[in-house]
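*Asks:* Under this note's numbering, the residue at position 104 of the sequence shown is numbered 166, and the numbers go up by one with no gaps.
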Amino acid sequence: MKFFKHLHTVCKHRRQVRKNCFKAGLVWQGLTHDLSKFSLKEFVPGVKYYQGTRSPQARERELFGYSAAWLHHKGRNKHHFEYWTDVNAVGETVYVEMPPKYFAEMVCDRIAASKVYKGKNYTDSSPLEYFSSRKGKAAMNEKTSERLEYFLTLLAERGEKEMFRELKKFVKDGKKKNKNAPKA
63 MKFFKHLHTV
73 CKHRRQVRKN
83 CFKAGLVWQG
93 LTHDLSKFSL
103 KEFVPGVKYY
113 QGTRSPQARE
123 RELFGYSAAW
133 LHHKGRNKHH
143 FEYWTDVNAV
153 GETVYVEMPP
163 KYFAEMVCDR
173 IAASKVYKGK
183 NYTDSSPLEY
193 FSSRKGKAAM
203 NEKTSERLEY
213 FLTLLAERGE
223 KEMFRELKKF
233 VKDGKKKNKN
243 APKA
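1. Name the two residues that bound the continuous beta strand (DSSP E) containing residue 148.
2. For residue 132, is the classification buried or exposed, using 16 other Cβ atoms within 10 angstroms of its Cβ as the cut-off for buried?
3. Going by C-alpha to C-alpha distance, which of 70, 96, 71, 124 sits closest to residue 167?
4. Rounded to whole angstroms, what's the CA-CA distance from residue 113 to residue 141? Just pull it up for me.
5. Who are the near neighbours of residue 203 in its chain, counting only those whose CB is closer than 8 angstroms to its CB and skipping five residues on each side?
6. Would you call residue 63 buried or exposed, if buried means 16 or more other Cβ atoms sit within 10 Å of its Cβ?
7. Identify the residues that DSSP records as bridge partners of residue 157: which are they?
8. Quick check on residue 113: does DSSP put it in helix, strand or coil?
9. Tell me the rounded alpha-carbon separation between residue 179 and residue 238.
10. Any idea what DSSP makes of residue 128, helix, strand or coil?
11. Looking only at C-alpha atoms, which of 230, 196, 208, 68 sits nearest to residue 115?
12. Going by the beta-carbon positions, is the gap between residue 4 and residue 176 smaller than 8 angstroms?
13. When you compare the CB positions of residue 216 and residue 228, do they come within less than 8 angstroms of one another, or not?
14. Could you check what DSSP says for residue 82 in three-state terms: helix, strand or coil?
15. Looking only at C-alpha atoms, which of 138, 107, 79 sits nearest to residue 130?
16. Using a Cβ-Cβ cut-off of 6 angstroms (strictly less than) and excluding sequence neighbours within five positions of residue 172, which residues of its own chain qualify?
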């Protein structure tokens, strides 16, 4: 039974992200979002630790102190800010600013996750509340964090239509600016 419930949750999440990405002008990213969740390294623990109200990775982390499924997932999906973490030549952790298209996908992902896990209790403030509750704990690039808070606040105060309009513009402007930026 957990197999089908987890599969349903993953598919429901991907559908919602796809809708959000389309609104932000990210068609390819919407179609390919989170495909690694169907790999054995992610899907099997997802079924095993399925709870329905939060990510199975949270339960795996509680049991073992880390989540192997999460390590696999964040290393393959550029829409997670953790992907954009590196260590410089002197061993210091560097938090790299996310490129606009991956940043926008992260916003779409966070909104979708809130909708899936909160269900009928979802409001446009839910993603901001979740972000705010973890803000001090997340090791994220400062500009990325400020930008995420801006868009989630826009969502909470003005709704999806206005937020997605600005997010789409942000992605479009980012394409113009980042033509010569290094590719990850």
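We treat Cβ as the ideally placed atom computed from N, Cα and C, and that holds for glycine.
*Replies:* The short version:
1. It spans 147-149 - the beta strand (DSSP E) in which residue 148 sits, taken as one unbroken run.
2. With 16 or more other Cβ atoms within 10 Å, it is buried.
3. Measuring C-alpha to C-alpha distances from residue 167 to each of 70, 96, 71, 124 identifies 96 as the nearest.
4. Cα to Cα, the separation comes out at about 24 angstroms.
5. Cβ neighbours of residue 203 beyond the five flanking positions: 143, 146, 157, 158, 159, 160.
6. Classification of residue 63: exposed, given that the 10 Å Cβ count is below 16.
7. Under DSSP, residue 157 forms a beta bridge with 147.
8. Looking at residue 113 - three-state DSSP - the assignment turns out to be coil, as it is neither helix nor strand.
9. Using only the alpha carbons, I get a separation of about 35 angstroms.
10. In this structure, residue 128 counts as coil in the three-state DSSP scheme.
11. Nearest option by C-alpha distance: 68.
12. This structure cannot speak to residue 4, because the chain is shown only from 63 to 246.
13. For residue 216 and residue 228, yes; Cβs fall inside 8 angstroms.
14. Three-state result, residue 82: helix.
15. Comparing Cα positions, the closest option is 107.
16. Apart from sequence neighbours up to five positions away, the residues of its chain that approach residue 172 with a beta-carbon distance below 6 angstroms are 189, ordered along the chain.
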